[in-house]
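Engineer: Let me give you the structure first, and then I'll get to my questions.
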Amino acid sequence: MAQKMIMSKLFKKTLLIIIILFIVIAVTIAISSGWNLYKDLVQEYKSKGTAIAKSIAGSSVETLLNRDASTIQAMIDQFLEISGVFYVFVVDAQGEIVSHTFVPNVPDEILKIKNEKAKTISIQDLNTEGGGKFIDIAAPILEGIAGYVHVGMDKGMIMSQMQAAMIRQLALIAIIFIFSVTMAYFLVNKISQPLNQLSEYARKLASHDFSSNVDIKSHDEIGLLADTMKSMATDLREVFDRYEQAINDAVVELQNTLAYLTAVIDNMADGLLVTDTDGVITHVNPALSYMFALRETDLIGKNCRDLFGNEFAELVRKSIDNSYEVYTSEIGLAHNRIGRAVATGIHQDTFETDDKGIGSVILIRDITSEKEVDRMKTDFISTVSHELRTPLTSVRGFTEIIKRKLEDDIFMKFSDDSDKKTVKAVKRIRENIDIILSEGERLTALINDVLDISKLEAGKVEWKMENIQPADVIERAIGATSSLFEQKKLAFVRDIDNDLPEVIGDKDRFIQVVINLLSNAVKFTETGSVACRVKRTGNEVTVSVIDTGIGISDADKEHVFEKFRQAGDTLTDKPMGTGLGLSICKQIIEYHGGRIWVESELGKGSSFFFTLPVNAKSGHTSARGVDIIPGKEV
Amino acid sequence: MPKILIVDDDPVIRNLLEQILEPFQEHGVELMTAENGVVALEAVRRERPDIIFLDVMMPKLNGFEVCKIIKNDNEIKDSYIIMLTAKGQEVDKQKAKDVGVDCYITKPFNISELIGKVDEVLDIRIKLGA
């Protein structure tokens, strides 16, 4: 792997600080040593100058007294060769310059030096314009009596020396600095380079690339870090592999389950439709597509209101709002077929307290055949009843006409006749015709009852359910049958409770039942009485018709509510009524949610009972519905 | 002269009704018959009968249709229509009411009832000077 020698970021950060630090140190050192050097040099010059001045002062006493200017000149010229000396001049006791080394003239500032009559060495700083800075050392000759020697030390030289030294120092520091920085750079890189590798490695691990490797073998903290990371990577990889495997297994299982469920749904014969809370279709199965002759793509994502109309959308909405109820309605399918839709909401099963669902599941069954069969049943019943009634009409009609004609036009001619045979014949004819008429009536009643029971059993009856006051209905039934009681001279006992609660039922059918029971009671009772009792029993109303007639044997009791069963010996006894009355009563009472039964003792009389449920406040009908599929009809 | 029209495809029933209504004939009421709805409509337009006995199950035009046509025609809607039928269900009675039938009698009918009805209607019509 190529090793990039990029400047480590760490290094970059600290480099600026290091540079500043170094500069500060360098400058401080340079200045401080420069200053020290200056001071030392000044001191040295001063002492040098003092020594020279003293020396000249000491050795020029005589010459000065002799005013030997040239000797003095030669002496002071000598000293000019000493480094640092800039000038030397001697002044006498009057302050007149005797000799000097100035070329060509003595500068003005020198002339202005006050000659202090000091007895010792005096030192002062001198600045000349254009000449530079000097240290002037004045040594008294013979304690000032003979004069003074002035030695001027060149401060300029000090300055240049100092500057040179400072520069040298700075240069040295700079070199050391550069060297250190370079060293530092390499050192830091040595650390940061493996760190870079590790961070690159970590980045790769973070993006799940476990294939990379890092090769750091140093035995320090970095090496430790590298090893730790490598083992961490191994662990991670293991964990990831395991989880990947687990996920794969779960996915496979999920796919299998899904495939199974999909197969189940796709193979259903009924259509399945699933919607969300807004009624938008989320799922359909092939059966449903077929039923509506719409492709899956035309169904999914569409609102069911747009595709199937308002009634269906209402069904769906209701099922979602009350997700624990089941709702049904009929719906038109493609090709003029008809289906029944059963919708139920999808429960949330959360802590929500309302019943609103998160969607709706609708099952649709093609009921075209069922309806066809139904229609055929209805048609058959009405056709049969019509077909039978028409000839019966003629039979009864013509018989009655014959009777009238006979009575009005023929028999009256024989009324006075004493011919016994004729009278007998007339009587016989009259009786026979009456028999035909009454049998005709019986036939009519039979056809009506057969039609009735067929409709009841087929569920083709249209019930008119309403609130009924039992007492009213019973009174009407009693009124309708009162003539029967009178004819047979039977006593009638009425025992009806006050304050009977209301029941829900079909008024006409209720009356039908009571009339039937009352007329049966009269029919099978020769002497005695018939009682009608109406009482409230718990949450039911119980009606009973009790007679003192011939009663029913135990054997017959079981079968008395069956079709065409009459009590008594069917071979010898003439059948009374149609044999269907009690079956019809049973159908009616049971539709209303009640019960009907008989208690009887042969020879003593019979008691027929039926119950009807009291109208519950909630308004729910307790009657059995007529739907093929249970559920609330929308 | 009052007129009664009998419309039924069954000749037996036509015969029966004629015999039942014979007493009226003796009192000057004219009886006519028609064997289907089309013939019946012609007769109605031509004769303007006071009472029409109308059967339901007939070929070509059934009783409901005939009644509807008659009742929607201003010229002939005044005839009193008595529907005769073997069907006695609620739905049929409602249908009859919807098309404007004046009276609905189920077969087999009560002859006295029938005669009584004719009497009643003719009386009213005579009183009204129809």
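Residue numbers (this note's numbering), protein chains in the order written: chain A, 2 to 635; chain B, 1087 to 1216.
Cβ atoms here follow ideal geometry from the backbone N, Cα and C, with glycine treated the same way.
Predicted model only: the values in this text are computed from it and were never measured.
Would Asp1096/B count as contacting chain A if we go by Cβ distances under 8 angstroms?
Structural biologist: For Asp1096/B, a Cβ of chain A is located within less than 8 angstroms of the residue's own Cβ.
Engineer: Leaving out five residues before and five after Asp453/A in sequence, what residues of the same chain have Cβ atoms less than 6 angstroms from its Cβ?
Structural biologist: If we look at Asp453/A and ignore the five residues flanking it on each side, its Cβ neighbours are Ile585.
Engineer: Looking at the strands, I want to know which residues DSSP matches up with Ile402/A.
Structural biologist: Paired residue(s): none; Ile402/A is not in a bridge.
Engineer: Quick one, are the C-beta atoms of Ser383/A and Lys1173/B less than 8 angstroms apart?
Structural biologist: yes
Engineer: Report the rounded CA-to-CA distance for Asp638/A versus Leu1107/B, giving the unit in angstroms.
Structural biologist: This structure cannot settle anything about residue 638/A, because the visible part of chain A is limited to 2 through 635.
Engineer: Taking the straight line between their C-alpha atoms, what separation do you get for His220/A and Lys231/A?
Structural biologist: 15 angstroms
Engineer: Quick check: is the beta carbon of Glu432/A nearer than 8 angstroms to any beta carbon in chain B?
Structural biologist: no
Engineer: Per DSSP, Ser100/A is paired with what?
Structural biologist: Val91/A
Engineer: At least one CB of chain A closer than 8 angstroms to the CB of Pro1135/B: is that the case?
Structural biologist: So no, Pro1135/B is outside the interface.
Engineer: What beta strand (DSSP E) runs, 3 residues minimum, are completely inside the stretch 520-575 of chain A?
Structural biologist: 530-538 and 541-548
Engineer: Between the C-alpha atoms of Val252/A and Gly595/A, what's the straight-line distance to the nearest angstrom?
Structural biologist: 57 angstroms
Engineer: List the residues of chain A whose Cβ lies closer than 9 angstroms to the Cβ of Leu1102/B, in chain order.
Structural biologist: Thr394, Ser395, Gly398, Phe399 and Ile402
Engineer: Measure the alpha-carbon distance for Ala75/A versus Asp93/A and round it to whole angstroms.
Structural biologist: 17 angstroms
Engineer: Return no unless some Cβ of chain B is closer than 8 angstroms to the Cβ of Ser608/A.
Structural biologist: no
Engineer: Identify the residues that DSSP records as bridge partners of Ile1138/B: which are they?
Structural biologist: Leu1091/B and Ile1167/B
Engineer: What does Phe1195/B touch in chain A if you count any residue whose Cβ is under 8 angstroms from its own?
Structural biologist: Contact note: Phe1195/B reaches chain A through Thr394 and Gly398, using a C-beta cutoff of 8 angstroms and chain order.
Engineer: How about Ile434/A and Thr400/A: are their beta carbons less than 8 angstroms apart?
Structural biologist: For Ile434/A and Thr400/A, yes; Cβs fall inside 8 angstroms.
Engineer: Just checking: is the beta-carbon of Ala1129/B within a distance shorter than 8 angstroms of some beta-carbon in chain A?
Structural biologist: no
Engineer: Which residues of chain A have a Cβ atom closer than 8 angstroms to the Cβ of Lys1267/B, listed in chain order?
Structural biologist: Here chain B has residues from 1087 to 1216 only, and residue 1267/B is not among them.
Engineer: Tell me whether His151/A sits in a helix, a strand or coil according to DSSP, three-state version.
Structural biologist: strand
Engineer: Going along the stretch 268-288 of chain A in order, which residues come within less than 9 angstroms of chain B, judged by CB to CB distance?
Structural biologist: none
Engineer: So is Gln588/A buried or exposed if we call it buried at 16+ other beta carbons inside 10 Å?
Structural biologist: buried
Engineer: Who are the near neighbours of Ser361/A in its chain, counting only those whose CB is closer than 6 angstroms to its CB and skipping five residues on each side?
Structural biologist: Thr276, Val317, Ser320, Ile321, Ala344 and Gly346
Engineer: For a quick check, are the C-beta atoms of Ile282/A and Ile266/A less than 8 angstroms apart?
Structural biologist: No, the pair does not count as a contact, with Cβ atoms beyond the cut-off.
Engineer: Under 8 angstroms: do the stretch 61-71 of chain A and the stretch 80-89 of chain A share three or more Cβ pairs, one atom per stretch?
Structural biologist: Three or more beta-carbon pairs separated by less than 8 angstroms are not found between the stretch 61-71 of chain A and the stretch 80-89 of chain A, which leaves the two stretches without contact.
Engineer: Going by C-alpha distance, which of Leu1127/B, Pro1097/B, Pro1109/B and Ile1099/B is nearest Ile1201/B?
Structural biologist: Pro1109/B
Engineer: Any beta carbon of chain B sitting closer than 8 angstroms to that of Arg443/A?
Structural biologist: no
Engineer: Can you grab the Cα-Cα spacing for the pair Thr423/A / Phe412/A, in whole Å?
Structural biologist: Separation of Thr423/A and Phe412/A (C-alpha to C-alpha, rounded to the nearest whole angstrom) is 10 angstroms.
Engineer: Measure the CB-CB distance between Gly148/A and Val99/A and report whether it falls below 8 angstroms.
Structural biologist: yes
Engineer: Any idea if Leu659/A is buried or exposed, counting beta-carbon neighbours within 10 angstroms, 16 or more meaning buried?
Structural biologist: Examination of residue 659/A is not possible in this model, given that chain A is present from 2 through 635 alone.
Engineer: In terms of residue numbering, what span does the alpha helix (DSSP H) encompassing Met184/A cover?
Structural biologist: Lys156 to Ala207
Engineer: Nearest chain A C-beta to Met1143/B closer than 8 angstroms, yes or no?
Structural biologist: Chain A, which has a Cβ nearer than 8 angstroms to the Cβ of Met1143/B, makes this yes.
Engineer: Would you say Ile1106/B faces chain A, with C-beta separation under 8 angstroms as the test?
Structural biologist: yes
Engineer: In chain B, what lies closer than 7 angstroms to Arg390/A by C-beta?
Structural biologist: Neighbours of Arg390/A on chain B, chain order: Ala1172, Lys1193 and Pro1194.
Engineer: Could you tell me the boundaries of the alpha helix (DSSP H) in which Leu289/A lies?
Structural biologist: Per DSSP, Leu289/A belongs to the alpha helix (DSSP H) from Pro287 to Phe293.
Engineer: Could you check if Thr526/A is buried or exposed, using at least 16 other CB atoms within 10 Å of its CB as the buried criterion?
Structural biologist: buried
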